[in-house]
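*Asks:*
In the working numbering, the protein residues as written are 914 to 1188.
1) At the level of alpha carbons, what is the spacing between residue 1100 and residue 949?
2) By DSSP, does residue 1075 sit in helix, in strand, or in coil?
3) Determine the DSSP secondary structure at residue 926, reduced to helix, strand or coil.
4) Counting only beta-carbon separations shorter than 8 Å, does residue 1082 have a partner in chain D?
5) Could you check whether residue 1124 and residue 920 sit closer than 8 Å to each other, using their CB atoms as the reference points?
6) So, with DSSP's three-state summary, where would you put residue 1141?
7) Could you give the distance in angstroms between the alpha-carbon of residue 1049 and the alpha-carbon of residue 1056?
8) Assuming contact is defined by CB atoms lying nearer than 8 Å, are residue 1065 and residue 1006 in contact in what I supplied?
9) Taking the CB atoms as reference points, tell me whether residue 1150 and residue 1135 lie closer together than 8 Å.
10) Would you check if the region 1011-1018 and the region 1033-1041 touch, i.e. whether three or more CB-CB distances between them fall below 8 Å?
11) Quick check on DSSP: helix, strand or coil for residue 1156?
12) Using the C-alpha atoms, what's the distance from residue 990 back to residue 1085?
13) To test your reading of the DSSP string, which unbroken beta strand (DSSP E) runs of 3 or more residues are found completely within the region 1084-1132?
14) Taking residue 1078 as the reference, which of 982, 947 and 1039 has the closest Cα?
15) Starting from residue 1062, trace the alpha helix (DSSP H) both ways and give me its first and last residue.
16) Pairing CB atoms from the region 955-973 with CB atoms from the region 1161-1180, are three or more of them under 8 Å?
17) When you compare only the Cα positions, how much space is there between residue 1127 and residue 1114?
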């Protein structure tokens, strides 16, 4: 068993959270034990900073987080990010013009929060009835007027563009468009969503940067995940762990398949490889 793990990256939804969107007491205690033993444990999530789950943040010693699929790495004791890999401002006008009139939920992650143009609220309310997206414990989106126009006429960089679809054929069309264009990283966390980030923003890159920042060698890192947006992180980790409920390709990529998120799979893996 590998007792040299110094840094553990944890995906949140479908991994650290069970299907009730809760972190069990056993998982919390195991994470806390790892931290007490000198291991750095951090969330590696597609969420922005403002959506980091409080029940995880309440575990003593959680100091770092990789947010928005690695677009922002934060030291939670500081206001400003340690590292950022943002979508270039000059790309934003074309992105907004492509997506603004689509029948999808459009969320823009920047400054550590989730913003939506107020003009999309009717569409969002309608689609959420068709595509339930639960965010237990997360902060609400921030609706503002004119975000799309600002990004077209006075663009600024963003961490992530998050799209939620009820029409899976449309999702496939948009996914293939951006994959073929090749200027953004395109990934997904669940069947109805797409996540667009800078080509240089991935969970794996964030793991490597934080490891270098903390002086941990690649072989001393561990990552646990379940979905497509965890693949890069698992490939970067010294010990790659897939959840028992993970997508087949995630299991194929991993060194080890732990129990499911409803069976304390995160705790099981940490106990096996790090404690």
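Where is the CB? At the ideal position from N, CA and C, for every residue including glycine. Given the structure is predicted, the values throughout are model-derived calculations rather than measurements.
*Replies:* Here's the rundown:
1) Between residue 1100 and residue 949, the C-alpha separation is close to 34 Å.
2) If DSSP states are grouped into helix, strand and coil, residue 1075 belongs with the strands.
3) Here residue 926 sits in helix by DSSP.
4) Looking for chain D here will not work: only one protein chain is present.
5) Cβ distance < 8 Å, so residue 920 and residue 1124 count as in contact.
6) Helix.
7) Unreliable placement is indicated for residue 1049, whose pLDDT of 37 sits below 50; no coordinate value is reported for it.
8) Yes, the pair counts as a contact, with Cβ atoms nearer than the cut-off.
9) Against a cut-off of 8 Å, the Cβ pair of residue 1135 and residue 1150 comes out as a contact.
10) Below 8 Å, enough C-beta pairs join the region 1033-1041 and the region 1011-1018 to call them touching: three or more.
11) Reduced to three states, the DSSP call for residue 1156 is coil.
12) Their Cα atoms are separated by approximately 40 Å.
13) Counting whole runs of 3 or more residues, the region 1084-1132 contains the beta strand (DSSP E) stretches 1097-1100 and 1106-1111.
14) That would be 1039, whose Cα lies nearest to the Cα of residue 1078.
15) Segment 1060-1066, the alpha helix (DSSP H) holding residue 1062.
16) Segments in contact, no.
17) Going by the C-alpha atoms only, they are around 19 Å apart.
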